[in-house]
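Okay, structure first, notes after.
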Amino acid sequence: NVDGAEADPETAMAVNGVAVERLAKVCRQRNVYLIHISTDFVYDGKKDGPYTEEDQPAPLNVYGKSKLAGERAVLDSDVEGCVIRVEWTYGVHGRHFISKISELAGSRDQIKVVADQIGSPTPTRGIARALLAVTEKRATGLFNYACRGYTSRFECARLVVDTLGLDCEVIPCTSEAFPTPARRPLNSRFDCSRFDRLIGGYREDWEKEMKQFLEENRS
């Protein structure tokens, strides 16, 4: 819970940082391969281009700081495993940006969506395929993973509304006009070259994946 972490930083650090450090220790002792899933929120979003694994993390919020602590706990340990950063995730279960837009657009004539946050919507089923591939190769180190291509939250919302045939106008706005407890990075674009070199063939186009997801999960 990104916004909830701002109100309870101790719990966020305990779950995302301290617990991961202990888990890495146990996995090392028992020779268990470990994958730690992290987030684009470890970046501050101020870079002009896509982020690589070599770019310096600079989290804007408590959630990002706690996830970065978990990353370092894994990477600084002797455990066999890796860290995979993912972004803008959505799937059949849980609440996420896509489900919120579908719900709001289905009950309102118009909605405002931020147009200055850029990233790559990525389905959890794609992430699951990536995790399996990484596990099979026993990959180690740090990887960025997301769908191919980039879009804004606004354009993403328009695709949801258009694909579902909802009668709702999507109006662009800035992040400043839509404040949240936790600051979000404006640029969440990933450079996934390292993952592609290691695995290859698993990253689909974000628009293709989202349309397929929406068609399969029409209510």
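Here the sequence shown is numbered in the numbering used here, starting from 6 and rising by one per residue.
All C-beta atoms, glycine included, are put in the ideal place defined by N, C-alpha and C.
A quick note: this is a predicted structure, and the numbers were derived from the prediction, not measured.
field: Cα-Cα separation between E174 and Y48, rounded to whole angstroms
entry: C-alpha separation (whole angstroms): 32 Å.
- request: Please determine if the region 139-156 and the region 190-204 are in contact, where contact requires at least 3 C-beta pairs separated by less than 8 Å.
  value: Touching, yes, given that three or more Cβ pairs across the two stretches are closer than 8 Å.
query: Given T94, which residues of its chain have a CB within under 7 Å of its CB, disregarding the five upstream and five downstream residues?
result: H101, T127, T129, I132, listed in sequence order.
- prompt: Within 7 Å: the Cβ of L136 and any heavy atom of the ligand NAD?
  reply: In the structure shown, the ligand NAD is absent, as is every other ligand, since no ligand is present at all.
Burial state of V67 (16 or more Cβ within 10 Å): Classification of V67: buried, given that the 10 Å Cβ count is 16 or more.
message: Going by DSSP in three states, I103 sits in which element: helix, strand or coil?
response: In the structure shown, I103 sits in a helix (DSSP, three-state: H, G or I).
query: Taking only runs of the alpha helix (DSSP H) that begin and end inside the region 73-140, which ones reach a length of at least 4 residues, in chain order?
result: Under the rule that a run must span 4 or more residues, the alpha helix (DSSP H) segments found entirely inside the region 73-140 read 102-110.
- prompt: Grouping DSSP H, G and I as helix and E and B as strand, with all else coil, what is D201?
  reply: Correct three-state label for D201: helix.
- request: Buried or exposed for E214, please, with buried defined as at least 16 other CB atoms from any protein chain shown within 10 angstroms of its CB.
  value: Flag for E214 reads buried.
task: Give the secondary structure of Y68 by DSSP, where H, G and I count as helix, E and B as strand, and everything else as coil.
output: When secondary structure is reduced to three states using DSSP, Y68 falls in the helix class.
field: Delimiting residues of the alpha helix (DSSP H) encompassing G219
entry: A quick correction: the sequence has Leu, not Gly, at residue 219. 211-221 is the span of the alpha helix (DSSP H), which, as asked, contains L219.
task: Could you name the residues of the same chain whose beta carbon sits closer than 6 Å to that of R158, not counting the 5 residues immediately before and after it, in chain order?
output: Leaving aside the five residues that flank R158 on each side, the residues in its chain whose CB is nearer than 6 Å to its CB run, in chain order, V118, V119, Q122.
- request: Specify the secondary structure class of S43 as computed by DSSP and reduced to three states.
  value: In this structure, S43 counts as strand in the three-state DSSP scheme.
field: Inter-residue spacing [alpha-carbon to alpha-carbon] between A135 and C178
entry: So the two alpha carbons sit approximately 33 Å from each other.
- request: Tell me where the beta strand (DSSP E) around F148 begins and ends.
  value: Residues 146-149.
task: Run the CB neighbour count on I103, radius 10 Å, all protein chains shown included, and call it buried at 16 or more, exposed below.
output: So I103 counts as buried.
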